[in-house]
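Shown next, in structure tokens, is the structure this report addresses.
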Amino acid sequence: MARLSRPVAAGALATAAVLAFVGLRSSPSLSSGMVASKNAAAMTRAGQVGVQMRPNMNSRDELVLKGAFKMNPVKRNLINKAGALTNTLLADGVSMQQLARDVVCVHGEQTGNAELKAACNIEWYGPDRPKWLGPFSDGLDLPPHLTGEYPGDYGWDTMGLSADPSTFAQMRTAELMHGRWAMLGTVGVLYPEILSKYGGADYPVWFKAGAQIFSDEGINYAGNPNLIHAKSAIAVLVCQVVLMSFSEAYRIRGGPLGEGLDSLHPGGPLVDPFGLADDPEDFKELKVKEIKNGRLAMMAMLGFYVQAIATGKGPVENWAEHIKDPYAINGLTNLVATKFVPTETAL
Numbered sequence: 101m102a103r104l105s106r107p108v109a110a111g112a113l114a115t116a117a118v119l120a121f122v123g124l125r126s127s128p129s130l131s132s133g134m135v136a137s138k139n140a141a142a143m144t145r146a147g148q149v150g151v152q153m154r155p156n157m158n159s160r161d162e163l164v165l166k167g168a169f170k171m172n173p174v175k176r177n178l179i180n181k182a183g184a185l186t187n188t189l190l191a192d193g194v195s196m197q198q199l200a201r202d203v204v205c206v207h208g209e210q211t212g213n214a215e216l217k218a219a220c221n222i223e224w225y226g227p228d229r230p231k232w233l234g235p236f237s238d239g240l241d242l243p244p245h246l247t248g249e250y251p252g253d254y255g256w257d258t259m260g261l262s263a264d265p266s267t268f269a270q271m272r273t274a275e276l277m278h279g280r281w282a283m284l285g286t287v288g289v290l291y292p293e294i295l296s297k298y299g300g301a302d303y304p305v306w307f308k309a310g311a312q313i314f315s316d317e318g319i320n321y322a323g324n325p326n327l328i329h330a331k332s333a334i335a336v337l338v339c340q341v342v343l344m345s346f347s348e349a350y351r352i353r354g355g356p357l358g359e360g361l362d363s364l365h366p367g368g369p370l371v372d373p374f375g376l377a378d379d380p381e382d383f384k385e386l387k388v389k390e391i392k393n394g395r396l397a398m399m400a401m402l403g404f405y406v407q408a409i410a411t412g413k414g415p416v417e418n419w420a421e422h423i424k425d426p427y428a429i430n431g432l433t434n435l436v437a438t439k440f441v442p443t444e445t446a447l
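All residue numbers for the sequence shown refer to the working numbering, where the first residue is 101 and numbers rise by one.
Next up, the structure:
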């Protein structure tokens, strides 16, 4: 059998699987274990005689499958061909998860189903990953050092800033760390202001919150003095250095909970107590989601800074004013920073 590309094989599998299983109503535990062969005729024969049941298949499933084969030989042949082709691809190193995604993607394109077509965009690594120009990326000359090995690589480095491997590693670390802090920062900016505006709380806007430590009341965590009552900037600094030193040392060097960890994604019971990244495929996808959300959060924080300088208000208040009168209050009506303008003070 000639080697088929994954898209072509997925198309054949999608067509065969849909035509074969419509009307059979069989259990998800039904499967066929086929033997790869060298030509189409031999593949069909191998599929017809090589149907094997999973060890956990119950008798009802087996009867359903055998009954369906007897009643509809056309669908039987399609199932056999799909099973044989599946095992051929598995033998070539294609994972079952990748194959399932390809089949769903092709079927979505054939039927125009938007939810199924979303599976076409899950390939985030390698040469077939999405590129930074989107649909205009065909024929794009990508930098040779951006091969799609790392999460979030869209092939964009027009100035060659990451051409050096050591610089590339440093920039990846810096981007991920800044992204994580930005995600925490956006929540810290928005949550208190939402509570103050809509929940009856009394929290200062984010760019004035730190100054509260110098007031007589200090800073009360969550507005409760019994939780964390901070009145000393030096004490806060010492606590931050100690806690951050411990977490960074664990991330970089490992520790009693793990040795030889990935410095960017250490995992383990402290970082991933629920085991969300135990599955390698899920872990790869989670890393892409993290870097994409981190980049979005960094842009959001930049917007918060600009809004604060230009309007002297927080993002929630800016948004509330905009939706109240979008034509009079928007990004084009206040292009010049009018707040926090330096003024002369008497010495």
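Built from N, CA and C at the ideal position, the CB exists for glycine as well.
Out of curiosity, what's the CA-to-CA distance linking residue i and residue j?
i, j, result
"residue 299", "residue 417", "14 Å"
"residue 390", "residue 177", "44 Å"
"residue 341", "residue 265", "30 Å"
"residue 320", "residue 380", "42 Å"
"residue 237", "residue 223", "15 Å"
"residue 449", "residue 184", "With the chain covering 101 to 447 only, the question about residue 449 has no answer from this structure."
"residue 343", "residue 315", "25 Å"
"residue 335", "residue 328", "12 Å"
"residue 361", "residue 371", "11 Å"
"residue 347", "residue 303", "29 Å"
"residue 392", "residue 415", "21 Å"
"residue 212", "residue 180", "27 Å"
"residue 173", "residue 200", "25 Å"
"residue 382", "residue 375", "11 Å"
"residue 325", "residue 318", "9 Å"
"residue 429", "residue 408", "15 Å"
"residue 193", "residue 368", "29 Å"
"residue 337", "residue 191", "57 Å"
"residue 309", "residue 259", "39 Å"
"residue 345", "residue 426", "46 Å"
Between residue i and residue j, is the Cβ-Cβ spacing less than 8 Å?
i, j, result
"residue 287", "residue 306", "no"
"residue 257", "residue 244", "no"
"residue 330", "residue 313", "yes"
"residue 279", "residue 395", "yes"
"residue 251", "residue 388", "yes"
"residue 240", "residue 255", "yes"
"residue 401", "residue 285", "yes"
"residue 424", "residue 225", "no"
Return the Cβ separation of residue i and residue j in integer angstroms, given the expectation that the two are a contact with Cβ distance under 8 Å.
i, j, result
"residue 283", "residue 397", "4 Å"
"residue 350", "residue 373", "Between residue 373 and residue 350 the Cβ distance is about 14 Å, and since that is not below 8 Å, they are no contact."
"residue 420", "residue 297", "7 Å"
"residue 364", "residue 273", "6 Å"
"residue 246", "residue 253", "5 Å"
Assign residue i to buried or exposed, taking buried as 16 or more other Cβ atoms, counted over all protein chains shown, within 10 Å of its Cβ.
i, result
"residue 404", "buried"
"residue 249", "exposed"
"residue 188", "buried"
"residue 229", "buried"
"residue 293", "buried"
"residue 205", "buried"
"residue 203", "buried"
"residue 433", "exposed"
"residue 267", "exposed"
"residue 270", "exposed"
"residue 182", "buried"
"residue 263", "exposed"
"residue 311", "exposed"
What would DSSP say about residue i, mapped onto helix, strand or coil?
i, result
"residue 320", "strand"
"residue 330", "strand"
"residue 427", "coil"
"residue 202", "helix"
"residue 449", "The requested residue 449 does not occur in the structure, where the chain is confined to residues 101 to 447."
"residue 374", "coil"
"residue 223", "coil"
"residue 192", "coil"
"residue 288", "helix"
"residue 238", "coil"
"residue 365", "coil"
"residue 228", "coil"
"residue 405", "helix"
"residue 263", "coil"
"residue 433", "coil"
"residue 253", "coil"
"residue 410", "helix"
"residue 397", "helix"
"residue 298", "helix"
"residue 207", "helix"
What I want to know is whether the C-beta of residue i ends up closer than 7 Å to one or more non-hydrogen atoms of the ligand SAM.
i, result
"residue 370", "You won't find the ligand SAM in this model; it holds no ligand whatsoever."
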